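Protein chains in written order, with the numbering used here: chain A, 1294 to 1799; chain B, 8 to 337; chain C, 2 to 344; chain D, 2 to 344. For every residue, glycine included, the Cβ atom is placed at its ideal position computed from N, Cα and C. Just so we're clear, the structure is a prediction, and the values are computed from it rather than from any experiment. What follows is one structure encoded as structure tokens, with my remarks underneath.
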Amino acid sequence: MVTEDPAAPLLQMQGIVKHFPGAKALDGVDLDVLPGEVHCLLGQNGAGKSTLIKVLAGAHQPTAGTILMDGQEIQISHPVAALEHGVATMYQELDVVDGLTVAENIYLGHELASAGFTQRRTVASRTRELMARLGHPEIPPHREVGELSAAGKQIVSMARALSRDARVIVMDEPSAVLDSGEVDNLFRVVDELTSQGVAIVYISHRLEEIRRIGDRITVLKDGVTVGRNLDVADTPTDELIKLMTGKNVEYAFPERPGVPQDAPVRLEVTDLSLSGVFSDVSLSIRAGEIVGLAGLVGSGRSEILETIYGARRATHGRVQLDGKSLRRGSVGAAVAADIGLAPEERKSQGLLLDEPVYRNVTLSSFARIARGGWLDERAEKAAATEQAAALDLRPAGVDRAIRTLSGGNQQKAMLARWLVHGCEVLLLDEPTRGVDVGARSEIYDLVRRLADAGTAVLVVSSEIPEVLGLADRVLVISDGQVVHSGPAESIDEHQVLDMVMEGSAA
Amino acid sequence: GCVSNEPAEEEGSDSEEMSSEEGSGGTMNDEPGETVTIGFSAPAADHGWMGAITSAAEDAAADYEDVELRVAEGTNDVNVQISQIETFIADGVDAIVLLPFDGAALTDVATEAMEAGIPVVNVDREFSSPFAARSTVLGDNYGMGVSAGTYICEQLGDQPDAVVAEIQGIASLPLTQDRSQGFEDALADCGLDVDNQVAAEFTVQSGEQVTANLLQAAPEIDAIWNHDDDQGVGVLQAIENAGRDEFFMVGGAGSLDVMEHIQSGDTVLEATVVYPSTQAADGIKLARLIAQEKNLGDLASSTVPRTVQLYAPVVTADNVDQFMDIGFRS
Amino acid sequence: MSEQQTPSSPAADNPTKHRESSRSRLGLSGATVRNLGLVAALLLLCLVGFLTGGDRFASVQNLMIVLSLASVTGVIAIGMTFVITTGGIDLSVGSVLGLTTVWASTLATQTMADQYGWIVMVGCALLVGLAAGLINGVIIAYGNVVAFIATLSMLVAARGLAELIANRRTQIVNQSSFESTFQGDLLGVPKIVWIFAIVAVAGWFLLNRTTFGRRTVAVGGNAEAARLAGINVKRHLLYVYGLAGLTAGVAGVMLLARTGAGSSTNGLLLELDVIAAVVVGGTLLVGGRGTIVGTVIGVLIFATLTNVFIINNIDSSVQQIARGAIIVAAVLLQQRFARRSTS
Amino acid sequence: MSEQQTPSSPAADNPTKHRESSRSRLGLSGATVRNLGLVAALLLLCLVGFLTGGDRFASVQNLMIVLSLASVTGVIAIGMTFVITTGGIDLSVGSVLGLTTVWASTLATQTMADQYGWIVMVGCALLVGLAAGLINGVIIAYGNVVAFIATLSMLVAARGLAELIANRRTQIVNQSSFESTFQGDLLGVPKIVWIFAIVAVAGWFLLNRTTFGRRTVAVGGNAEAARLAGINVKRHLLYVYGLAGLTAGVAGVMLLARTGAGSSTNGLLLELDVIAAVVVGGTLLVGGRGTIVGTVIGVLIFATLTNVFIINNIDSSVQQIARGAIIVAAVLLQQRFARRSTS
Ligand SMILES: Nc1ncnc2c1ncn2[C@@H]1O[C@H](COP(=O)(O)OP(=O)(O)OP(=O)(O)O)[C@@H](O)[C@H]1O
Ligand SMILES: Nc1ncnc2c1ncn2[C@@H]1O[C@H](COP(=O)(O)OP(=O)(O)OP(=O)(O)O)[C@@H](O)[C@H]1O
Ligand SMILES: [Mg+2]
Ligand SMILES: [Mg+2]
């Protein structure tokens, strides 16, 4: 795919240092991007990938270092400068404005306007073109972005980057909220762009994606470049993981010990329905069993979890724990019965970002930790520290604001919340979204250990291999219906995909 | 029409006349004595009359080189006003002139001042205890209502079906209730009652707003009493905007603008009931005399009297010339 | 501010996706649906007005009175809609309005106007309003002072300045060119109502059809995203507060025309009325969503309420209790309506 | 409300992290660092007071005057801190305070108090305040009405009700057991200052050491996360507004003691003062962070400012201008200080 002379890089970042007051996020990072290549940026959570591309985008000012474009040194002192130099960025945090329409979001900051008045018709038709190019002609330009799913927002973000006619497009974990079909679409567009000579900087924790589209790889670790311009084809996965984590990580799913036939049924869901979303979902999970829900984005898996948990009021059906019915639509009742939910959107649904880690961890366990409404902070910290250690939370201190933790560690803190509480049933929605390879296998191990200790676990994941690898039993959801249920070993990725597609076509 | 922001001398001459009026043998009194510090506290100048009160007090004090006036920030928060008086006490001022936002609420702290040996001159809104003030200068709110009502009775007494409207000031103030009570009582004497009652807020804007609505609510009116001439500016404008003139109006307070309207007869405004804005100035003068242990000039008794209640006359075209002098620029 | 207002929270019973589909079926935008509930509240109020007041309520003349009363608040509410859409607040509008009426009607200004025409007074009011707004903007955008505190300080300071300038007097306007230009009717409609209409229409275009409006929404909806998209957020905030000050100046001119007097007491407590009208109209206090149509209806609801009360000659204390209850009822009705109309 | 306040925006050079680490090095909590700036502002103000007023400012007697002044506002500000920490607002506190003073001092209440003691009056004030707060809470939490509108309605309605009950007259307190219990000093300190101190300490413990406080912060920081963590958000909001109403009742008792009179005009415009003190104190209007210590300092700053003005005998209009400027300056100083102290 590399179309031009590899000796003439389009973009070079040299010796980039970024100190946040008190923390070194980047400590001398180099990056060379050739025209028309897909350059992958790898690294653990907190390695500094997002910080690096924010420096490139003008969102952060580097403490030191130079940026060259076509061999010329350039200054990127604010976001506009980056755009003017042809660098467009899709940020990791969804950077769309909910109150604006799709078209308005795409052209935000470079509105097509005459005398200040927006040219709505031109904008709408161009937006339609862009959406068609991205494989989503069904998203109308005038739809408010707040009404789109996370995947839809990611597509808008993509369209915005395309609309800038950039020479370098940076994508920070674009696939995290996309399912496999969407990812295919994304890659088709990436191919299209690279064939036109546009360079892509691609960040992802999914190594298989990098194998599919990547040309060269730069690996970051603790804010320094540890692997430079590695060729994707020539670099084995083990080596990449070793570079990223500094150790050999067993990139495999934990053993399935098998659920004993006589294990009691913990969670029994009967004919659960939520009007307009899903209907007549029945499932049961035994103590020690991990059940996975597979399906496309928008198939209603998150809603099933939230409805079981009582965060949504079921229109019909029943949830029983150990044979006792749960009050409908009451999270409090679910928590009191020792059901826990690690929600899909960590930041908006799970965390109090400005509060210290330990307060996030103990939030659901006041009944255990407080006496007569009085909190004992020391007991709180002790409980949180214990779980943090069990999960190998990094950094280990529980006093820092959870905002300053990397994504994977935030996810671990969410799990720690339910470990402190002590759960009979654990509902996990996309537990490894945005989590790096190392932390990912730690989370798999942890979930398995919990199951072995008798917890019933229900996992939702958009990565089908993850569902198949982790769960004992798999339910396939399509359009709010359970279309398949059976042991994980007896089904493979393609079969799942077929079922999912079929269901949604029907 | 009249011009605002008129030069300050006019105001100065106003108060000089007042002082000579009040103590006509008072040349002795105006002579500088030992310097006295007077603390002054009044509600926020959120309407013209109150603004005139504060300005009049400041001007009165400025006329005397032996008076040092301390003016606290105007406030409608009794809690803050109490604190202001406490500060005056702690400072050991020689006298306090207090126009309380709420007489009853400031009674305790005024009593405290009196007990600390600082004479308090109570202005306009009366304390609930006679021990709280050395001397009290009052307008006559109930009397105002009576005067206005009596005047309307005189004009409409033979029409028992006459429509009378009342535009109050801030309804929640006790003084408004006193005025309305007097008005009602006086009207009752000749068999009339208030058909439409609205409350403005002593401000031009609110006067215009409620009057515009009032005129719509009552298509036929015979007389209106408006409690306050400051809001009256807006009231008159609303009447003009609506092009209504089938009724006559009586004002309240007695601003100079209103007197000029009465004099020229160019509006529906036929009369106004004086509610002197000179009260605070009188308060300052009395406080000075008390602190200097002097007396009012013409009185035979040797000290300043306990209560001075100012008269609330009706000003009409016939006698307006007499009152132009005490009219205040709203 | 509290979670109920955040439309983006994927709260349990928020049928976002679903709502969209039925809406699009009806061809209605989200804002339109929300406004329908408001219109219902306004109509209900008018019905009550008609039943209790008869022709005294339902006459062209009364309509003009209500519109005139709505105009001054309305113009400021248009500016406030922009401020609140950015997620800010401007508590100073009432006192800035007072200041502009005072400054534009001093002896000096009126004398100059005698020479050069009404433009002097109008220019003075607009400049003073704009300047106050820009000061707010600088303090908020570049000083990083919370809008609530910055504009509260401006509220207090502008009132004090107005008192100083007016020497606590009411200044009568008798500049004839000003009076003839702004007082009275045009085509049977009071001129200040025309001004309100023009400002409202201009505000609608500004918010919905210009880059300025799009950026206002973006800044309020997601300031960081706006910054990353290349918008100068601070400068934009400066403009928006300047705009709010400017509308206060326009309202000052209108009030001068209507009451014929400049006074530091003008606009007392206006800020709460204005904010209430904007918020009842459907603009979110957290920012990111603003509706001019909603604001206009909100202002009309409050003006009509006052009118109905006075036509029915209700005791002012009872009025207040009823007013509180009716505002809450209107908002609840609006919500119910929005929910029903989409199911 | 505007983006500057949102700590959650991952703004470019937001030194969150840094602050965190240096904070832990110094052993200071984030709140402590922020409060240092406030204390500096207060000290500066005191310095000005001392330089201009000398002993008249720096005396025990004057300190007591300032503290007494701060007490009534202060108690309400404690309740308001909880409300604002949840991301809400309560505009009704001033008028609810007025209502409680009226209700607790009616002839009927005082007569009953003559029989059963002051507890009747106090109980009445607290109950009325609590009830008003709970009504706010129900409308906000279960009616989903924006707090601004719900409490603005309560502001208007409570004022109207107070006027009706008091018949717009001031009611004098002459119940001797009440007066002897709440008026005067204890150990040289006015009793209302003691009450303020007790409420402040209780508020501090409630916010920082109990599950109630933790829930308050959680609800304000991220209501959806709080809900999914099993917190009954609606019920908690109900409690918080009830608490704010209750503090208005306590303040009502204090004001009754201080003024010896119940009136519907009590607490007029108090809401703005209270909110300003809380926000200047460092509690975020967007919710999620509240500080009782900051609130207390905020209240003291405003009370000291009033005191310094009186002592310096400044013209009332000029005072207002200065007040506006000083508030902004104090906030700027606080920010600068917080930034410097962490670098
Ligand atoms: N605004 C900030 N202030 C202080 N520290 C920050 C800030 N932003 C990032 N950091 C820190 O810098 C480091 C690098 O963060 P960055 O977001 O670049 O990681 P990343 O490689 O993108 O991780 P992930 O894979 O989880 O997205 C982390 O330790 C993070 O805590
Ligand atoms: N609040 C809502 N009310 C009604 N329908 C909704 C609501 N939210 C989502 N839906 C519908 O529910 C379905 C499932 O939504 P969602 O995207 O959460 O599914 P999911 O399977 O969890 O996918 P993801 O991988 O994105 O989590 C979608 O078809 C959507 O239209
Ligand atoms: Mg990242
Ligand atoms: Mg989901």
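message: In whole angstroms, give me the CA-to-CA distance for D/Thr260 and D/Phe183.
response: Residue mapping note: residue 260 of chain D aligns to position 259 of the fourth sequence, counting from 1. Residue mapping note: residue 183 of chain D aligns to position 182 of the fourth sequence, counting from 1. If you take the alpha carbons of D/Thr260 and D/Phe183, they lie about 11 Å apart.
task: Closer than 6 Å by C-beta to A/Glu1795: which residues in its own chain qualify, once you throw out the five before and the five after it? Chain order, please.
output: Taking the first residue of the first sequence as 1, we reach residue 1795 of chain A at position 502. Counting only Cβ-Cβ distances below 6 Å, and skipping sequence neighbours, we find nothing.
- prompt: Taking a cut of 9 Å between CB atoms, which residues from the segment 31 to 63 of chain B lie near chain D?
  reply: Of all residues in the segment 31 to 63 of chain B, only Gly46, Ser48, Ala49, Ala51, Ala52, Thr61 come within less than 9 Å of chain D when Cβ atoms are compared, listed by chain position.
message: Using only CA atoms, which one of D/Ser69, D/Glu272, D/Val146 lies nearest to D/Phe235?
response: The residue labelled residue 235 of chain D in the question sits at position 234 within the fourth sequence. Note on identity: in this sequence residue 235 of chain D is Lys, with Phe being the wrong assignment. Among D/Ser69, D/Glu272, D/Val146, the Cα nearest to that of D/Lys235 belongs to D/Val146.
task: Look up B/Gly259 in the DSSP assignment and give the residues it is bridged to.
output: Here the question's residue 259 of chain B lines up with position 252 in the second sequence. B/Val280, per the DSSP bridge assignment.
- prompt: Taking the continuous alpha helix (DSSP H) assigned at B/Glu300, which residues delimit it?
  reply: Position 293 of the second sequence, counted from the first residue, corresponds to residue 300 of chain B. From DSSP, B/Glu300 is part of no alpha helix (DSSP H); its letter is neither H nor E.
- prompt: Taking 8 Å as the CB-CB cut-off, is C/Ala348 touching chain A?
  reply: This structure cannot speak to residue 348 of chain C, because chain C is shown only from 2 to 344.
message: For A/Thr1359 and A/Leu1324, what's the separation of their Cα atoms in angstroms?
response: For the purposes of this step, residue 1359 of chain A is taken as residue 66 along the first sequence, with counting starting at 1. For the purposes of this step, residue 1324 of chain A is taken as residue 31 along the first sequence, with counting starting at 1. Whole-angstrom Cα-Cα distance: 11 Å.
message: Looking at the strands, I want to know which residues DSSP matches up with B/Phe47.
response: Working through the second sequence from its first residue, we reach residue 47 of chain B at position 40. B/Val78, B/Val104.
- prompt: Counting Cβ pairs closer than 8 Å, one from the segment 114 to 121 of chain D and one from the segment 308 to 325 of chain D, do we hit at least three?
  reply: no
query: So, do the segment 246 to 260 of chain C and the segment 50 to 66 of chain C have three or more beta carbon pairs nearer to each other than 8 Å?
result: no
query: Mind checking whether the beta-carbon of A/Ser1497 lies closer than 7 Å to any heavy atom of ligand 3?
result: Start at 1 with the first residue of the first sequence, and residue 1497 of chain A comes out as number 204. No, the beta carbon of A/Ser1497 sits no closer than 7 Å to any heavy atom of ligand 3.
message: Give the residues whose C-beta lies closer than 6 Å to at least one heavy atom of ligand 3, in chain order.
response: A/Lys1342, A/Ser1343, A/Gln1385, A/Asp1465
- request: Compare the Cα-Cα distances from C/Ala142 to each of C/Ala163, C/Leu162, C/Thr87 and report the closest residue.
  value: Within the third sequence, residue 142 of chain C is the residue found at index 141, counting from 1. Of the listed residues, the one whose Cα sits closest to C/Ala142 is C/Thr87.
- prompt: Is A/Lys1806 buried or exposed, if buried means 16 or more other CB atoms sit within 10 Å of its CB?
  reply: In the structure displayed, chain A extends from 1294 to 1799; residue 1806 of chain A sits before or after that span and is not available.
field: Continuous beta strand (DSSP E) stretch holding A/Thr1359: start and end
entry: Here residue 1359 of chain A refers to the residue found at position 66 when the first sequence is read from its first residue. Note, A/Thr1359: beta strand (DSSP E), 1357 to 1362.
message: According to DSSP, C/Gly263 sits in a beta bridge with which residue or residues?
response: Here the question's residue 263 of chain C lines up with position 262 in the third sequence. C/Gly263 pairs with C/Gln172.
message: Looking at the secondary structure, which residues open and close the alpha helix (DSSP H) in which B/Trp232 lies?
response: On the second sequence, position 225 is the one that residue 232 of chain B refers to. Annotation: B/Trp232 is outside any alpha helix (DSSP H); the continuous beta strand (DSSP E) that includes it extends over 230 to 233.
query: How about B/Val211 and B/Gly241: do their beta carbons lie closer than 8 Å?
result: Numbered from 1 along the second sequence, position 204 holds the residue referred to as residue 211 of chain B. Numbered from 1 along the second sequence, position 234 holds the residue referred to as residue 241 of chain B. Yes.
message: Please tell me whether A/Arg1710 and A/Leu1656 are closer than 8 Å, where the distance is taken between their beta carbons.
response: In the first sequence, the residue the question calls residue 1710 of chain A occupies position 417. In the first sequence, the residue the question calls residue 1656 of chain A occupies position 363. Yes, they are a contact pair.
message: Quick check: does the Cβ of D/Asn314 come within less than 7 Å of any heavy atom belonging to ligand 1?
response: Translated into the one-based positions of the fourth sequence, residue 314 of chain D becomes position 313. Every heavy atom of ligand 1 is 7 Å or more from the Cβ of D/Asn314, so no.
query: Roughly how many angstroms separate the alpha carbons of A/Arg1766 and A/Ala1677, rounded to a whole number?
result: Counting from one through the first sequence, the residue named residue 1766 of chain A turns up at place 473. Counting from one through the first sequence, the residue named residue 1677 of chain A turns up at place 384. Roughly 32 Å between the two C-alpha positions.
- prompt: Of all the residues that make up the segment 1371 to 1402 of chain A, which are near chain C by a beta-carbon distance shorter than 7 Å?
  reply: Listed by position along the chain: Pro1372, Val1373, Leu1376, Tyr1384, Asp1388, Val1389, Val1390, Asp1391, Gly1392, Leu1393, Glu1397, Leu1401, Gly1402.
- request: May I ask you to list, following chain order, the residues of the segment 298 to 313 of chain C that have a beta carbon less than 8 Å from some beta carbon of chain A?
  value: none
message: Quick check: the Cα distance between B/Ala278 and B/Asn326, rounded to an integer number of angstroms?
response: Locating residue 278 of chain B in the second sequence gives position 271, counting from the first residue. Locating residue 326 of chain B in the second sequence gives position 319, counting from the first residue. Looking at the backbone, the Cα of B/Ala278 and that of B/Asn326 are separated by about 10 Å.
Closer than 7 Å at the beta carbon, the chain A residues around C/Ile173: Counting from one through the third sequence, the residue named residue 173 of chain C turns up at place 172. Close partners of C/Ile173 in chain A (Cβ separation under 7 Å) are lacking, with about 40 Å as the shortest Cβ gap.
query: With burial defined as no fewer than 16 other Cβ atoms inside 10 Å of the residue's Cβ, what is the status of B/His234: buried or exposed?
result: Residue numbering aside, residue 234 of chain B sits at position 227 when the second sequence is read from its first letter. B/His234 comes out buried.
query: What residues are listed by DSSP as bridge partners for A/Leu1500?
result: Sequence index remark: in the first sequence, residue 1500 of chain A carries index 207 (1-based). Note: A/Leu1500 sits in no beta bridge, so no partner.
message: Using a 10 Å radius around the Cβ and a threshold of 16 neighbouring Cβ atoms, would you call D/Thr168 buried or exposed?
response: Here residue 168 of chain D refers to the residue found at position 167 of the fourth sequence. For the sequence presented, residue 168 of chain D should be read as Asn rather than Thr. When all chains shown are included, D/Asn168 counts as exposed.
Euclidean distance between Cα positions of A/Ser1370 and A/Asp1465: Numbered from 1 along the first sequence, position 77 holds the residue referred to as residue 1370 of chain A. Numbered from 1 along the first sequence, position 172 holds the residue referred to as residue 1465 of chain A. Answer to the nearest angstrom: the Cα atoms are 20 Å apart.
message: Is there a Cβ of chain C sitting closer than 8 Å to that of D/Ile315, yes or no?
response: The count along the fourth sequence starts at 1 and reaches residue 315 of chain D at position 314. Taking CB atoms only, D/Ile315 has no neighbour in chain C less than 8 Å away.
- prompt: Out of curiosity, what's the CA-to-CA distance linking D/Met255 and B/Asp109?
  reply: The residue labelled residue 255 of chain D in the question sits at position 254 within the fourth sequence. The residue labelled residue 109 of chain B in the question sits at position 102 within the second sequence. If I take the Cα positions, the gap works out to 17 Å.
- request: Closer than 9 Å, Cβ to Cβ, to anything on chain B: give me those residues from the segment 268 to 287 of chain C, in chain order.
  value: Gly268, Leu269, Leu270, Leu271
field: Proximal residues to A/Asp1320 (C-beta, below 7 Å), its chain only, five neighbours per side dropped
entry: Here residue 1320 of chain A is taken as the residue at index 27 of the first sequence, counted from 1. For A/Asp1320, where only same-chain residues beyond five positions count, the Cβ hits under 7 Å are Val1310, Gly1516, Val1517.
Rounded straight-line distance, which links the Cα of C/Ile293 to that of D/Asn36: Taking the first residue of the fourth sequence as 1, we reach residue 36 of chain D at position 35. Taking the first residue of the third sequence as 1, we reach residue 293 of chain C at position 292. Our two residues, D/Asn36 and C/Ile293, have alpha carbons roughly 40 Å apart in a direct line.
- request: Would you kindly work out how many angstroms separate the C-alpha atoms of A/Asp1692 and A/Pro1649, rounded to a whole number?
  value: Taking the first sequence and counting its residues from 1, the one referred to as residue 1692 of chain A is at position 399. Taking the first sequence and counting its residues from 1, the one referred to as residue 1649 of chain A is at position 356. Using only the alpha carbons, I get a separation of about 5 Å.
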